[in-house]
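Residue numbers (the working numbering): 22 to 435.
We treat Cβ as the ideally placed atom computed from N, Cα and C, and that holds for glycine.
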Amino acid sequence: MANPTIKKPRGTLDYIGKDAEILLGLRSLLLKEAGLYGCTPIEVPMFEENQLFHRSVGESSDIVQKETFDLKNKGDKDYTLRPEFTASVSRAVLENKLYTSPDMPLRFSYFGSVFRYERPQTGRLREFHQYGVEFMDSKIDLSSTLDAFLLSLRSAEKALGHEVEAKINFLGSFASRETYKAELKKYFTPRIDSMCDDCKRRLQINPLRILDCKVEADQEIAKGAPRVTDYLDEADKKEFEAICSSLDALGIHYEIDSELVRGLDYYTGLVWELYDASNLSLGAIGGGGKYASLMSQLGGPEFEGIGFSLGVERVLLALSDERKVEIALHIPLDLMIIDFEKKGKANRLADALRNKGKNVFIASFSRAMGGAMKMADRKGASSVLIINEDGTLQLKNMKTREQKDIKEEELLAL
Ligand code: HAM
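(1) Please identify the residue among A108, V65, K87 whose C-alpha is closest to the C-alpha of R76.
(2) Is any heavy atom in the ligand HAM found nearer than 6 Å to the beta carbon of G306?
(3) Please report the straight-line C-alpha distance between R222 and T89, rounded to a whole angstrom.
(4) Beta strand (DSSP E) containing I213: first to last residue?
(5) Is R198 near the ligand HAM - that is, is its Cβ less than 6 Å away from at least one heavy atom of it?
(6) So, with DSSP's three-state summary, where would you put N368?
(7) Looking at C-alpha atoms only, which residue of C60, N227, T33, M157 is the closest neighbour of S134?
(8) Report the option in D97, L102, R112 whose CA atom is closest to the CA atom of A319.
(9) Beta-carbon separation of R344 and G182 under 7 Å?
(10) Which residue comes first and which comes last in the beta strand (DSSP E) that contains G332?
(11) Opposite S130 in the DSSP bridges: which residues?
(12) Taking just the CA atoms, how far does A397 sit from L416?
(13) How many angstroms separate the CA atom of V65 from the CA atom of R175?
(14) Check for me: the beta strand (DSSP E) holding V114 runs from which residue to which?
(15) Tell me whether the beta-carbon of L295 lies closer than 7 Å to the beta-carbon of A187.
(16) Please name the residue or residues paired with N190 in a DSSP beta bridge.
(17) To the nearest angstrom, report how far apart E430 and S387 are at their CA atoms.
(18) Of all the options A339, G56, E410, I242, which has the alpha carbon lying nearest to the alpha carbon of Y208?
(19) Grab the span of the alpha helix (DSSP H) containing M316 for me, first residue to last.
(20) Do I352 and L406 have their beta-carbon atoms positioned less than 7 Å apart in this structure?
(21) Quick one, are the C-beta atoms of G96 and L303 less than 7 Å apart?
(22) Would you report the Cα separation of G290 and F156, rounded to the nearest angstrom?
(23) Comparing the CB of F149 with every heavy atom of the ligand HAM, is any distance shorter than 6 Å?
(24) Excluding the five sequence neighbours on either side, which residues of its own chain have a C-beta within less than 7 Å of the C-beta of G332, listed in chain order?
(25) Can you grab the Cα-Cα spacing for the pair D168 / G326, in whole Å?
(26) Starting from the C-beta of N227, find all residues in its chain whose C-beta is less than 6 Å away, skip the five residues before and the five after it, and write them out in chain order.
(27) What first and last residue would you give for the beta strand (DSSP E) that runs through T101?
(28) When you compare only the Cα positions, how much space is there between Y36 and L52?
(29) The beta strand (DSSP E) with L416 in it runs from where to where?
(30) Is the beta carbon of R112 within less than 6 Å of some heavy atom of the ligand HAM?
(31) Leaving out the 5 sequence neighbours to the left and right, which residues in its chain are closer than 7 Å to S197 when beta-carbon positions are compared?
(32) Please name the residue, chosen from A339, L45, V249, that lies closest to A177 on a Cα-to-Cα basis.
(33) Starting from M404, follow its DSSP beta bridges and name the residues at the other end.
(34) The beta strand (DSSP E) spanning E69 covers which residue range?
(35) Between the alpha carbons of K425 and D372, how many angstroms are there, rounded?
(36) Measure the CB-CB distance between I161 and I277 and report whether it falls below 7 Å.
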């Protein structure tokens, strides 16, 4: 047969068979982990008004500058496929006035597709899944901070079946960041001529982003730049110290990385990224942080948030084959029916059995007995029901290979 001319878009994936079972298994495992921390699931639209992402993820971020999938000219508004969840969850909290709830902190978990127009490579897709949580409160206190961080770590560890590495940093308030940005500008201005075009643009819009540059020569130059932690005010320093000593008391291993700034503009305070030591080439498998001013930037009240997201495809790439088998959400097949009578009895019996909770698959009429039996083995069917041309029934136990005549009432009573 000729190759189909329509292929999936670059940077997207099909999840078929075992792969789909592993994805669903991972989804269930991760959302269950979030449930242990009192999170309830939230579903938000796959697209939003593009202003939402400009005002949250930020004009200066690569995501908004270069990577959004914009759906232009659909009605009177410009829409964008969500490149992440934090902005949408914040919008939903504002729009539904959830900040007035007496039950604080709000704790939401999510798992779904996000879209970024990036250059596809291993672990970098244009449509990928994120699992994550957002905690929100009038003030994100130490316990919410520790719980959000701990949940990210435990989620990644539960998925992978081994420990992961955490890098943390503290970005401080917007005010202390402005001072820091000014210092970065002073440092990079005399050096910018030898840096990449993106960095030249970043210097004008937000010099903080230069620290994210992936060009090696630029990274060398950035190594000599001032550190964000040198520009924290006293309150910020105290908060960071309290977090670090609490993590120490919890026995959590982490590394302070003073170059970690994250690629989204809304962060204030603690930020972190998670890495799988045996798969460092994948980049971060997850990241998160606190965002104290996002809600007010979106026109809402002073209401703070903290959260993280794991890149599901990166976690999948880091899973061992054994772990994939353990995680896969396998749907067992109780019965396969091979119907030689071809008068609809197969569907009637299947309907009755499915009503009793049995998983039943009906083989195609085009399959002969031998082929259908092989298919039953491939599909792992526990039993096969043969409906003969005269309507009589036979049941075969696929484990013992025993085959016997069976009456309809007997079958339905199984
Ligand atoms: P982020 O660091 O942009 O954070 O994305 C989170 C994770 O998504 C990354 O650590 C990475 O594993 C994965 N990821 C990012 N881009 C791609 C890609 N193109 N292909 C495959 N995986 C990718 C956020 O999105 C924030 N909303 C996290 C957060 C939640 N902060 C606070 N709350």
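Reading off the structure:
(1) Nearest option by C-alpha distance: A108.
(2) The question names Gly, yet the displayed sequence has Ile at residue 306. Yes; taking the cut-off as 6 Å, the Cβ of I306 has a heavy atom of the ligand HAM nearer than that.
(3) R222 and T89 have their C-alpha atoms some 18 Å from each other.
(4) Careful: I213 lies outside any beta strand (DSSP E) and carries neither H nor E.
(5) No - the ligand HAM has no heavy atom lying nearer than 6 Å to the Cβ of R198.
(6) Reduced to three states, the DSSP call for N368 is helix.
(7) If we check each option's Cα against that of S134, T33 comes out closest.
(8) Looking at the sequence shown, residue 319 is not Ala but Leu. Out of D97, L102, R112, R112 has the C-alpha closest to the C-alpha of L319.
(9) Cβ atoms of R344 and G182: closer than 7 Å.
(10) That run of the beta strand (DSSP E) goes 325–332.
(11) S130 pairs with P62, V154.
(12) A direct Cα-to-Cα measurement between L416 and A397 gives close to 13 Å.
(13) Those two C-alpha atoms are separated by around 25 Å.
(14) Annotation for V114: no beta strand (DSSP E) segment contains it, though the alpha helix (DSSP H) segment containing it runs 107–116.
(15) Cβ atoms of L295 and A187: closer than 7 Å.
(16) Secondary-structure assignment with DSSP links N190 through a beta bridge to V292.
(17) Answer to the nearest angstrom: the Cα atoms are 28 Å apart.
(18) Closest option to Y208, Cα to Cα, is I242.
(19) Annotation for M316: the continuous alpha helix (DSSP H) segment containing it runs 315–318.
(20) At a Cβ-Cβ threshold of 7 Å, L406 and I352 do not count as neighbours.
(21) Cβ distance not < 7 Å, so G96 and L303 don't count as in contact.
(22) Their Cα atoms are separated by approximately 14 Å.
(23) Relative to the ligand HAM, the nearest heavy atom lies less than 6 Å away from the CB of F149.
(24) Sequence-distant Cβ neighbours of G332 in its own chain, meaning closer than 7 Å and more than five residues away, are F149, Q151, I306, G307.
(25) So the two alpha carbons sit approximately 13 Å from each other.
(26) Same-chain partners within the cutoff: S81.
(27) 98–102 is the extent of the beta strand (DSSP E) around T101.
(28) When the Cα atoms are used, Y36 and L52 turn out to be separated by approximately 19 Å.
(29) Note, L416: beta strand (DSSP E), 414–418.
(30) Flag unset: Cβ of R112 not near the ligand HAM.
(31) Around S197: Y252, L253, D254, D257.
(32) Of the residues A339, L45, V249, the one whose Cα lies closest to the Cα of A177 is A339.
(33) At residue 404 the sequence reads Ser, which differs from the Met that was named. For S404, DSSP records a beta bridge to L356, N418.
(34) Per DSSP, E69 belongs to the beta strand (DSSP E) from 68–70.
(35) A straight line joining the alpha-carbon of K425 with that of D372 spans about 22 Å.
(36) Taking 7 Å as the Cβ cut-off, I161 and I277 do not qualify as a contacting pair.
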